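Protein chains in written order, with the working numbering: chain S, 1 to 347; chain R, 1001 to 1357; chain D, 2001 to 2337.
Note that CB positions come from ideal geometry on N, CA and C, so glycine has one too.
All values reported here derive from a predicted model rather than from experimental measurement.
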Amino acid sequence: MRKPFRKRALIAVATVAVIGLTACGNSGTSGGSPAEGGTEGASDVSVAFVPKIQGIPFFEAMNSGGQAAAKEFGFTWVYQGATTADASAQAEVARALIQQGVSALAVAPNDPDSMAPVIADAAAAGIIPFTADTDAPNSKREFFVQQASNEGVGSALIDQLAQATGGKGKFAIVSCGRTAANLNAWIDVIKAHLSTDYPEMTLVDTVYADEDQARAVSMAKDLMNAHPDLTGLIGPCTTAAPGVAQAVDEAGKIGQVFTVGVGTPQAMLPYLQSGASSASVLWNVEDHGYLTAWAGWMAATKQPFPSDGQPFDVGRISGVTWDDANKVLLLGDPLILTADNAGDFDY
Amino acid sequence: MTSNVNTSVQPTKDTVPEKKERASSVVKVLTTDRMWLLVVLIVLLITATAIADGLRLLVAPFTVRYLSVSLIALVPLALLALAETFVILSGRSGIDLSVGGLVSIAGMFFGSMVVDHGLSIVLAAFITVVFATLLGALNGFLVGFLGFPPLIATLATGYAFSSIALVMHDGAPYSDPKLTGMNELTAGIGPGALAIPWHVVTVLLPVGLLAWMALSKMRWGRSLYAVGTSDSAARYSAINQKLVRASAYAVAGLLAGITALVNVAQFASARPDAGTAGNGLALPAITIAVLGGVAIAGGVGKIGGALMAALFVTWMNAIILIAFPGSFGSRVQLLALGIVLIGAVLLNQAAARHQAT
Amino acid sequence: MTHTPMDTLTVSTRRAIARERRTLIEGQELVLIGVIALVWLALSFATNTFWTAGNIQTILYSIAPIAIIGVGMTAVMVTAGIDVSVGSQLAVVTASVGLILKELQWGIVSTAVAALVIGGLLGAINALLIVKGNIHPMIVTFGTLNIFRFVALQIFGDSQIPGVPGTFSFIGGSSAAVTLGIPNAIWLAILLVLLQWIYMRSYSGGRHIYAIGNDARAARLAGINVGRKLFLLYLSVGFLVAVAALVQLGAGGLVQQNVGLGLEMKVIAACVIGGTSVLGGRGTVLGTLLGALLVGTVTSAITLLGWSSELTNLFVGVFIIIAVGIDLLRQRRRARL
Chain S
1 MRKPFRKRAL IAVATVAVIG LTACGNSGTS GGSPAEGGTE GASDVSVAFV PKIQGIPFFE
61 AMNSGGQAAA KEFGFTWVYQ GATTADASAQ AEVARALIQQ GVSALAVAPN DPDSMAPVIA
121 DAAAAGIIPF TADTDAPNSK REFFVQQASN EGVGSALIDQ LAQATGGKGK FAIVSCGRTA
181 ANLNAWIDVI KAHLSTDYPE MTLVDTVYAD EDQARAVSMA KDLMNAHPDL TGLIGPCTTA
241 APGVAQAVDE AGKIGQVFTV GVGTPQAMLP YLQSGASSAS VLWNVEDHGY LTAWAGWMAA
301 TKQPFPSDGQ PFDVGRISGV TWDDANKVLL LGDPLILTAD NAGDFDY
Chain R
1001 MTSNVNTSVQ PTKDTVPEKK ERASSVVKVL TTDRMWLLVV LIVLLITATA IADGLRLLVA
1061 PFTVRYLSVS LIALVPLALL ALAETFVILS GRSGIDLSVG GLVSIAGMFF GSMVVDHGLS
1121 IVLAAFITVV FATLLGALNG FLVGFLGFPP LIATLATGYA FSSIALVMHD GAPYSDPKLT
1181 GMNELTAGIG PGALAIPWHV VTVLLPVGLL AWMALSKMRW GRSLYAVGTS DSAARYSAIN
1241 QKLVRASAYA VAGLLAGITA LVNVAQFASA RPDAGTAGNG LALPAITIAV LGGVAIAGGV
1301 GKIGGALMAA LFVTWMNAII LIAFPGSFGS RVQLLALGIV LIGAVLLNQA AARHQAT
Chain D
2001 MTHTPMDTLT VSTRRAIARE RRTLIEGQEL VLIGVIALVW LALSFATNTF WTAGNIQTIL
2061 YSIAPIAIIG VGMTAVMVTA GIDVSVGSQL AVVTASVGLI LKELQWGIVS TAVAALVIGG
2121 LLGAINALLI VKGNIHPMIV TFGTLNIFRF VALQIFGDSQ IPGVPGTFSF IGGSSAAVTL
2181 GIPNAIWLAI LLVLLQWIYM RSYSGGRHIY AIGNDARAAR LAGINVGRKL FLLYLSVGFL
2241 VAVAALVQLG AGGLVQQNVG LGLEMKVIAA CVIGGTSVLG GRGTVLGTLL GALLVGTVTS
2301 AITLLGWSSE LTNLFVGVFI IIAVGIDLLR QRRRARL
């Protein structure tokens, strides 16, 4: 006797489901056009950006740069990021933005190959997909807005460390994700420069602490314990840069072990002031966001980038270059943060 | 419970008390059977969103197409929720924390078969699923035969799997035109507005059906319920409880292997951290299984519940993203999942209490 | 909740517990001490840097937060419960305390009180849902794992908290925060472990925890206020998480959103390696401390030996299997006696 009631319940539920679906189907078709109509007028262009993860100052600064550009050039800026740094959460957010019908969609892929299908979906929906921060070269992205060349960041890191240690001695790298393409590229540049420019420096170990700051600190301490004559540490990501500096500080080895890294100004400022960190290699992250937003707007309004190969100005920033062959828009040279200038940035 | 329904609702037709009874038993089914509760929640969710869309409260238009495109995220979630359902059913605090690591290692194994050894996709896929089943059987051996607590055995093997996945190709993903071509499997089918991802139909539905048959129609399923409910009872009924329990973990491995293949197709590459990036895949899968009504103590749970829970969470997450703009939307996903998980249990319990009085 | 079948196993575990009470240090603890001693011996031959003060202090400090939360988690697991929300609890406490220290510049005492109040509140929410709501602890804490993480992210807003003052540096990871060569953080952990160890061993209130884990219904019939006991245990986890948060915050600096992510598994692993049964009724905090020490040693050893750090988890996994495997063999042999 229980079964028939289940069946009836099923029928009732199915009926409601059909009604629900029809309702949303209707409103979907009718809702689509007013949504477009709503943004018509002064700014019918919207540029969206999906960071690797929300909430870290790095991407939030890009967000504020993007907002500034949107105000200056007159378009809508949309910023939405997942709470975890993984490809599927990121794809979910990107799909929601595609559904939103933005004009251009910028992605900083957690994993370049993994984002290719979503980028293709965006292109199929008539949206201009492009990448910023991390490239997805094997995808249908129209172009890549690069912060600084891999060569620029990698060589600045090793140059800054050499400057602090006098160009000799043992050093180690505490990186974040083992699979992070950007970081691996920088590490390769560091290794290349080692043999050519700094023969007296030895890289003793490269370890991976993921995005876990506490782990970066204890791994850096482990490295100092394992190599008592270690003189340098490189933390090429925004978690490890303050991590290695904190480890040196806690181990009481300031002045003995020098650290450089890729860290955001406010996070690094205390360590730069105490000497636990010698320098942080970065770029103007707000300007990078500004350039990303501008590039999306240009592409959405079908304006080409200057293609004569000469550096040009974009609003408040200068020295931007466009590599037409590789479709890379480059912000410029990296920025070296020290105790003197890190306080100038509010992120 | 069943006897209650039987006695109270037998005789005449369409008398007033009978109608009342009917209404109350519909309510009863909805509040005691988790699957139907979730079906109702899905309907409510869609209706509420459609109304919100009509009132222009959403950031993006709410369309059938969006719902079907979102289903791409359903497949891995649902497959692993099924895996967890089997192991939790098997009792003795059954749980499988290794599915994340297993997805990573199986995906890399598959990538290596295809890219390094030049095997065809079909053959490599078959070998990968066998490989994953064996890894699952390793968990099963530790838990079923050696008596390791499931939590710790699968935590340890999960650590090992994820670590090996990272070193087997030097941390680099496998990406190859052959692997990229598998992305076709996840393309939308059906008329433009529907666009249901191909692998929902070709992978998830058949697997779900087989899982349901294995659990409800086969002797193995009955043995699993018996073992999950009580070891001693199962022993007296001449069930090899060690083997049955071990087999649940092997099945979970098999499902994780299929998930690994789906992941490769979905992300057009085999990644060494496919199952462990971010929060990993294990905890969400367990959460979905629990939301689907499987009892932590074992012996109680259904395939339909797990599938509906996965569907509900997938759509809820997709809808939240078009309902709340900016980064706040992603955060609300966490809040909503937590509330739904606890709320569903509270609701069922309130219903049970109501029934008792 | 815990309908443990009255089969031979339960009886044998009960007998085992009765026997275990007589000895000061139990089997699994001896096993772990043996395994740790072997690993340490191997390391002292393989490296010449293992026995440096710096290295020992690094290992000890890194396990302090796990051991501190483990004090509460062990008791909870002995009742056949679990709390998987500790990582998210830690995130809420760390974010709030970070803001309090940075923006309000509160002192040590007032900040510590605030941390305990916040941690206690989170623990109380879990406790309330588990005891009053009568929901399985795993379901409740899987739910609050998500909810507390949401709360933490809301506290963070869209930014991290940089430049947190080092108000609690005396229990932090600094090489200055040591007494007799041992980090203060681990002294604190040892104190908490000892108090809980004595309580769970020698006080009737502590023995009730085991009684609940063996058979909650029987415990209730025996006059134990099971609900109240469970409430206090989940509450205590919240308090201990607050202490662990202060230890981890230590010297201050940067607080990031992902703080505490995955912490629950580290704590649970330490408990289970230490001989705590997930099915309840068995476990000691001393074992948990040793379990944390084993994992901490293995993790640090990989870097010390210069092995590829991606292998860390593989070795941790292998050592978990070894430690728990020995425990199982021992139990089986004893069950046969």
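Counting only C-beta atoms, is residue i closer than 7 Å to chain D at any point?
i: Thr1015/R; result: Low local confidence applies: a pLDDT of 48 at Thr1015/R is under 50, so the model's placement there is unreliable, and no value is given.
i: Asp188/S; result: no
i: Gly41/S; result: Its pLDDT being 37, under 50, Gly41/S is placed unreliably in this model, and the value from its coordinates should be taken loosely. Chain D, which has no Cβ nearer than 7 Å to the Cβ of Gly41/S, makes this no.
i: Leu1119/R; result: no
i: Ser33/S; result: Low per-residue confidence applies at Ser33/S: pLDDT is 32, beneath 50, and the placement is therefore not dependable enough to give any value.
i: Ser1223/R; result: no
i: Ser1162/R; result: yes
i: Lys170/S; result: no
i: Pro1149/R; result: yes
i: Glu142/S; result: no
i: Gly252/S; result: yes
i: Phe324/S; result: Position check: residue 324/S holds Asp in this sequence, whereas Phe was assumed. Output row for Asp324/S: interface = no.
Residues of chain D with CB closer than 7 Å to the CB of residue i, please, in chain order.
i: Asn225/S; result: Thr2049, Thr2052, Gly2054, Asn2055, Thr2058, Leu2304
i: Tyr359/S; result: The structure shown does not extend to residue 359/S, since chain S spans only 1 to 347, so no value can be given for it.
Quickly, what does DSSP pair residue i with across the bridge? List them, please.
i: Thr380/S; result: The displayed coordinates of chain S run from 1 to 347. Any statement about residue 380/S would go beyond what the structure contains.
i: Ala279/S; result: Val260/S
i: Met201/S; result: Gly169/S
i: Ala106/S; result: Phe49/S, Phe130/S
i: Val320/S; result: Phe312/S
i: Ile2182/D; result: Thr2179/D
i: Ile1196/R; result: Ile1189/R
i: Ala1270/R; result: Tyr1174/R
i: Phe2150/D; result: Bridge partners of Phe2150/D: none, in fact.
i: Ser1037/R; result: This sequence places Leu at residue 1037/R; Ser is not what is there. Answer is none; Leu1037/R lacks a bridge partner.
Are the C-beta atoms of residue i and some chain R residue less than 7 Å apart?
i: Ala2269/D; result: yes
i: Gln178/S; result: Before going further, note that residue 178/S is Arg rather than Gln in the sequence given. Yes, Arg178/S lies at the interface with chain R (some Cβ there is under 7 Å from its Cβ).
i: Gly235/S; result: no
i: Glu200/S; result: no
i: His2136/D; result: yes
i: Val2272/D; result: yes
i: Glu92/S; result: yes
i: Phe2142/D; result: yes
i: Ile2149/D; result: One point to set straight first is that residue 2149/D is Arg, not Ile, in the sequence displayed. Chain R contact via Cβ: present.
i: Gln80/S; result: yes
i: Ala89/S; result: yes
Find the residues of chain R that neighbour residue i, judging by a C-beta separation of less than 9 Å, and give them in chain order.
i: Thr2111/D; result: In chain order: nothing, as chain R lies at least about 26 Å away.
Is there a C-beta anywhere in chain S that falls below 7 Å from the one on residue i?
i: Pro1173/R; result: yes
Which residues in chain R have a C-beta closer than 8 Å to the C-beta of residue i? List them in chain order.
i: Ser2277/D; result: Pro1149
i: Phe2168/D; result: The premise fails here: Phe2168/D is roughly 28 Å from chain R at the closest Cβ pair, so nothing lies under 8 Å.
Should residue i be listed as close to the ligand NAP, given that the test is whether its C-beta is under 6 Å from any heavy atom?
i: Cys176/S; result: Among the ligands in the structure shown, none appear at all, so the ligand NAP cannot be discussed.
Which residues of chain R have a Cβ atom closer than 7 Å to the Cβ of residue i, listed in chain order?
i: Val2097/D; result: Near Val2097/D there are no residues of chain R at all, since even the closest Cβ is about 20 Å away, more than 7 Å.
- [ ] Output, in sequence order along the chain, the residues in the segment 2154-2166 of chain D whose CB is closer than 7 Å to any CB in chain S.
- [x] Taking 7 Å as the cut-off between beta carbons, the residues of the segment 2154-2166 of chain D near chain S are Phe2156, Asp2158, Ser2159, Gln2160, Pro2162, Gly2163, in sequence order.
Task: Near-chain R residues of the segment 114-132 of chain S (beta-carbon distance less than 7 Å), N- to C-terminal order - done: Cβ contacts with chain R come from Ser114, Ala116, Pro117.
Task: Three-pair Cβ contact test at 8 Å for the segment 42-61 of chain S versus the segment 281-301 of chain S - done: With a cut-off of 8 Å, the segment 281-301 of chain S and the segment 42-61 of chain S count as touching, because enough Cβ pairs lie within range.
Open item on the list: So, does the segment 1266-1279 of chain R touch the segment 1128-1141 of chain R, judging by three or more C-beta pairs under 8 Å?
Closed with: No: the two stretches stay apart, fewer than three of their Cβ pairs being nearer than 8 Å.
TODO: Can you give me, in chain order, the residues of the segment 1323-1343 of chain R that have a beta carbon less than 8 Å from any beta carbon in chain S?
DONE: The residues in question are Pro1325, Gly1326, Ser1327, Gly1329, Ser1330, Arg1331, Gln1333, Leu1334.
Open item on the list: If the cut-off is 7 Å on Cβ atoms, which residues from the segment 2245-2266 of chain D count as contacting chain S, listed in chain order?
Closed with: Against chain S - using a Cβ distance shorter than 7 Å - the residues of the segment 2245-2266 of chain D are Gln2248, Ala2251, Gly2253, Leu2254, Gln2256, Gln2257, Asn2258.
TODO: Name, going along the chain, the residues of the segment 2199-2217 of chain D whose beta-carbon falls closer than 9 Å to a beta-carbon of chain S.
DONE: Of all residues in the segment 2199-2217 of chain D, none has a C-beta nearer than 9 Å to a C-beta of chain S.
TODO: Evaluate the contact criterion for the segment 82-94 of chain S versus the segment 107-114 of chain S: three or more CB pairs, one atom per stretch, below 8 Å.
DONE: Segments in contact, yes.
Open item on the list: For the structure I just gave you, are there three or more beta carbon pairs, one from the segment 1155-1168 of chain R and one from the segment 2317-2329 of chain D, closer than 8 Å?
Closed with: With a cut-off of 8 Å, the segment 2317-2329 of chain D and the segment 1155-1168 of chain R count as touching, because enough Cβ pairs lie within range.
TODO: May I ask you to list, following chain order, the residues of the segment 270-290 of chain S that have a beta carbon less than 7 Å from some beta carbon of chain D?
DONE: Result list: Pro270.
TODO: Quick one: which residues of the segment 54-78 of chain S get their C-beta closer than 8 Å to a C-beta of chain R? List them in chain order.
DONE: So the list reads Gln54, Gly55, Val78, given in the order they occur along the chain.
Task: Contact set between the segment 1272-1302 of chain R and chain S, restricted to residues whose Cβ is under 7 Å from the partner - done: Cβ contacts with chain S come from Pro1272, Asp1273, Ala1277, Gly1278, Asn1279.
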